[in-house]
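K.L.:
Mind having a look at this structure? Questions to follow.
If you want it as structure tokens, here you go:
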């Protein structure tokens with residue numbers, strides 16, 4: 001299946017993010033992934049070894065080394081000492097076969113604490129920063145915003161995500177992420193973080209404006225919308241029981257799907 005997707009996306013002139021998409025265990029260094037206690041397998045390392053060797057020099061491929069490192073026993077999985085070390089291990093693997101491939105590094109707290117990377121970017125074994133590396137940020141418009149008109153009395157985890165992402169948080173000593181790091185929003189949604197309720201095109205507009213360069217770094221931010229599926233709740237782009245989707249008929253799209261489709265069409269026209 002993966003080889004078919006690589007071929008299809010190349011034929012369509014599309015980029016393809018190959019993602020180690022796991023949520024539990026919370027740490028990418030967990031033995032279930034890196035050195036299984038029963039069989040010693042390094043599942044993540046074996047996966048990226050296979051992909052980098054099999055698909056080397058395919059210019060449309062990017063590798064997302066981990067998805068959403070999160071919480072273990074109430075403690076945030078840290079960037080320094082855990083996620084960073086894992087990403088450097090995986091980078092050594094993929095760069096063995098493809099020296100220029102773009103790699104995307106997942107960040108702490110479900111890829112929301114991207115600022116933890118600042119000053120601690122990934123490096124090779126000689127301490128030299130890797131090129132062609134970006135850091136991920138994940139956001140859902142109805143949950144991660146500036147506190148306006150949402151179901152909870154404050155922003156998620158008490159954080160004004162729009163301010164932090166767009167301009168930083170000087171009160172907490174956090175510089176503007178987009179003025180400091182190359183960022184790829186590998187997952188964002190038009191709804192709440194669960195994806196099942198609260199479609200918010202107004203808040204989505206605000207995030208897309210930031211992605212389009214209205215930020216302190218004037219950075220144009222690449223993004224992937226969650227999700228092109230018929231099983232994604234309100235955030236899913238396709239209506240339930242959708243059959244054939246090629247060519248794409250706007251009539252099979254949900255409200256969220258139409259919103260994203262229209263935005264992409266508008267960008268294409270420009």
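Residue numbers (the UniProt record's numbering): 1 to 270. Glycine included, every Cβ here is placed at the ideal spot set by N, Cα and C.
Express the C-alpha separation of residue 238 and residue 229 in angstroms, rounding to a whole number.
P.N.:
Against the chain shown, residue 229 aligns to sequence position 229. Against the chain shown, residue 238 aligns to sequence position 238. Near 5 angstroms, if we compare the C-alpha coordinates of residue 238 and residue 229.
K.L.:
Give the range of the beta strand (DSSP E) segment to which residue 187 is assigned.
P.N.:
Position 187 of the chain shown, counting from 1, holds the residue named residue 187. Taken as a continuous stretch (DSSP letters only), the beta strand (DSSP E) holding residue 187 covers 183–189.
K.L.:
Residue 77: buried (16+ other C-beta within 10 angstroms of its C-beta) or exposed?
P.N.:
Along the chain shown, one-based indexing puts residue 77 at 77. Buried is the call here.
K.L.:
Note down the Cα distance separating residue 198 from residue 97, rounded to an integer number of angstroms.
P.N.:
In the chain shown, the residue the question calls residue 198 occupies position 198. In the chain shown, the residue the question calls residue 97 occupies position 97. Roughly 44 angstroms separates the two Cα atoms.
K.L.:
How many angstroms separate the CA atom of residue 53 from the CA atom of residue 93?
P.N.:
Along the chain shown, read from residue 1 onward, the residue named residue 53 stands at position 53. Along the chain shown, read from residue 1 onward, the residue named residue 93 stands at position 93. Whole-angstrom Cα-Cα distance: 9 angstroms.
K.L.:
Mind checking residue 142: buried by the 16 CB within 10 Å criterion, or exposed?
P.N.:
What you label residue 142 is simply residue 142 of the chain shown in a count that begins at 1. Residue 142 should be labelled buried.
K.L.:
Within 10 Å of its beta-carbon, does residue 249 have 16 or more other beta-carbons around it, so buried, or fewer, so exposed?
P.N.:
Taking the chain shown and counting its residues from 1, the one referred to as residue 249 is at position 249. Exposed is the call here.
K.L.:
Name the residue from 241, 175, 184 whose alpha carbon lies nearest to the alpha carbon of residue 65.
P.N.:
Position 65 of the chain shown holds residue 65. Of 241, 175, 184, the residue nearest in Cα terms is 184.
K.L.:
State buried or exposed for residue 135, treating a residue as buried only when at least 16 other CB atoms are found within 10 Å of its CB.
P.N.:
In the chain shown, residue 135 corresponds to position 135, counting from 1. With 16 or more Cβ atoms within 10 Å of its Cβ, residue 135 is classed as buried.
K.L.:
When you compare only the Cα positions, how much space is there between residue 71 and residue 132?
P.N.:
Here residue 71 corresponds to residue number 71 of the chain shown, with the count starting at 1. Here residue 132 corresponds to residue number 132 of the chain shown, with the count starting at 1. Whole-angstrom Cα-Cα distance: 28 angstroms.
K.L.:
Take the Cβ of residue 268 as the centre, count every other Cβ of all protein chains shown within 10 Å, and call the residue buried at 16 or more, exposed below.
P.N.:
Residue 268 sits at position 268 when you count from the first residue of the chain shown. Its Cβ having fewer than 16 others within 10 Å, residue 268 is exposed.
K.L.:
In the DSSP output, which residue or residues are listed as bridge partners for residue 223?
P.N.:
Taking the first residue of the chain shown as 1, we reach residue 223 at position 223. For residue 223, which the question treats as bridged, DSSP gives the partners 185.
K.L.:
Given residue 152, which residues of its chain have a CB within under 7 angstroms of its CB, disregarding the five upstream and five downstream residues?
P.N.:
Translated into the one-based positions of the chain shown, residue 152 becomes position 152. Below a pLDDT of 50, predicted positions are generally treated as unreliable, and residue 152, at 44, falls in that range; the measurement from the model is reported next regardless. The answer is none, since no qualifying residue turns up.
K.L.:
Measuring straight from C-alpha to C-alpha, what distance separates residue 224 and residue 113?
P.N.:
Walking along the chain shown from the start, residue 224 turns up at place 224. Walking along the chain shown from the start, residue 113 turns up at place 113. About 18 angstroms.
K.L.:
Less than 6 angstroms between C-beta atoms, sequence neighbours within five positions excluded: which residues of the same chain meet that for residue 90?
P.N.:
By 1-based counting over the chain shown, the position of residue 90 is 90. 48, 65.
K.L.:
What is the C-beta distance between residue 69 and residue 106, in whole angstroms, given that I count them as a contact (C-beta under 8 angstroms)?
P.N.:
If you number the chain shown from 1, residue 69 lands on position 69. If you number the chain shown from 1, residue 106 lands on position 106. Contact flag correct, Cβ pair sits at about 6 angstroms.
K.L.:
Going by DSSP in three states, residue 41 sits in which element: helix, strand or coil?
P.N.:
Reading the chain shown from its first residue, position 41 is the one you call residue 41. Residue state, collapsed to three classes: coil.
K.L.:
At the level of alpha carbons, what is the spacing between residue 30 and residue 201?
P.N.:
As a position in the chain shown, residue 30 is number 30, starting the count at 1. As a position in the chain shown, residue 201 is number 201, starting the count at 1. Whole-angstrom Cα-Cα distance: 37 angstroms.
K.L.:
Considering only the beta carbon of each residue, do residue 233 and residue 189 sit closer than 7 angstroms?
P.N.:
As a first step, residue 233 must be located in the chain shown, where it is residue number 233. As a first step, residue 189 must be located in the chain shown, where it is residue number 189. Taking 7 angstroms as the Cβ cut-off, residue 233 and residue 189 do not qualify as a contacting pair.
K.L.:
Once DSSP output is grouped into helix, strand and coil, what is the label at residue 137?
P.N.:
Within the chain shown, residue 137 is the residue found at index 137, counting from 1. Three-state DSSP puts residue 137 in a strand.
K.L.:
With 16 other CB atoms within 10 Å as the buried threshold, where does residue 84 fall?
P.N.:
By 1-based counting over the chain shown, the position of residue 84 is 84. Buried is the call here.
K.L.:
Residue 166 and residue 181 look like a contact to me (Cβ under 8 angstroms); what is the Cβ gap, rounded to whole Å?
P.N.:
Along the chain shown, one-based indexing puts residue 166 at 166. Along the chain shown, one-based indexing puts residue 181 at 181. About 13 angstroms separates the two Cβ atoms, so there is no contact after all.
K.L.:
Apart from the five residues on each side of it in sequence, which residues of its chain come closer than 8 angstroms, Cβ to Cβ, to residue 253?
P.N.:
As a working note, residue 253 is residue 253 in the chain shown. 237, 238, 239, 261.
K.L.:
For residue 1 and residue 17, I'd like the C-alpha separation in whole angstroms.
P.N.:
As a first step, residue 1 is located in the chain shown; it is residue number 1 there, counting from the start. As a first step, residue 17 is located in the chain shown; it is residue number 17 there, counting from the start. Their Cα atoms are separated by approximately 14 angstroms.
K.L.:
Could you spell out where the beta strand (DSSP E) holding residue 284 opens and where it closes?
P.N.:
The structure shown does not extend to residue 284, since the chain is modelled only from 1 through 270, so no value can be given for it.
K.L.:
What are the start and end residues of the beta strand (DSSP E) that includes residue 105?
P.N.:
On the chain shown, residue 105 is found 105 positions in, with the first residue counted as 1. Residues 102–105.
K.L.:
Starting from residue 209 and walking both ways along the beta strand (DSSP E), at which residues does that stretch end?
P.N.:
For the purposes of this step, residue 209 is identified with residue 209 of the chain shown, where counting begins at 1. Counting along the chain, residue 209 falls outside any beta strand (DSSP E), though it belongs to the alpha helix (DSSP H) covering 201–211.
K.L.:
Which first and last residues belong to the beta strand (DSSP E) in which residue 88 is found?
P.N.:
By one-based count along the chain shown, residue 88 stands at place 88. Per DSSP, residue 88 belongs to no beta strand (DSSP E); it is in the alpha helix (DSSP H), 84–97.
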